[in-house]
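J.: Pasting in a structure now, in structure tokens, and then I'll have a few things to ask.
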């Protein structure tokens, strides 16, 4: 009984670290896949093709780094295939967000920037 309680406590402590694995890997430039996604950097701009790189974590999380044509980058974090946050950048703190999944794509707004990320790119079993 005591061993099971110790194991449960160890697993509970390990879970947050595993959930941050994708963000850590993305910051280090350690990616699992690359794709072209649609994005717009400023209000009123048309969505254009942007390069994206995804790092997947052990707990089913994913971090996508989107590079705009200007070279500016933003990291988007997902848990269990759902968008959870955008990182803070010089353009904004990343807390003003809107998100929905429509026809197999995540439509995300972070601050003034918009992204369309294929759900398959960030799926836990992707």
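Residue numbers (this note's numbering): -7 to 118. Ideal placement from N, C-alpha and C gives every residue a C-beta, glycine not left out. Every value quoted in this text rests on a predicted model; they were computed, and no experiment measured them.
Alpha carbon to alpha carbon, how far is residue 28 from residue 13? Give it in angstroms, no decimals.
T.: In a straight line, the C-alpha of residue 13 is about 23 Å away from that of residue 28.
J.: Hey, quick one: how far does the beta strand (DSSP E) through residue 88 stretch, first residue to last?
T.: Note, residue 88: premise wrong, no beta strand (DSSP E); not H, not E.
J.: Using only the alpha-carbon positions, how far apart do residue 32 and residue 16 sit?
T.: Their Cα atoms are separated by approximately 25 Å.
J.: If I follow the unbroken alpha helix (DSSP H) through residue 18, where does it start and stop?
T.: Where residue 18 is concerned, the enclosing alpha helix (DSSP H) stretches over 13 to 19.
J.: Please classify residue 90 as buried or exposed, where buried requires at least 16 neighbouring CB atoms within 10 angstroms.
T.: By the neighbour-count rule (16 or more Cβ atoms within 10 Å), residue 90 is not buried but exposed.
J.: Pick helix, strand or coil for residue 112, following the three-state DSSP scheme.
T.: Residue state, collapsed to three classes: helix.
J.: Going by DSSP, name the residue or residues bridged to residue 41.
T.: 30, per the DSSP bridge assignment.
J.: How is residue 60 classed by DSSP in three states: helix, strand or coil?
T.: Three-state DSSP puts residue 60 in coil, outside helix and strand.
J.: Cα-Cα, which of 70, 42, 25 is closest to residue 107?
T.: Nearest C-alpha to residue 107: 42.
J.: Starting from residue 97, follow the beta strand (DSSP E) in both directions and report where the run begins and ends.
T.: Segment 97 to 102, the beta strand (DSSP E) holding residue 97.
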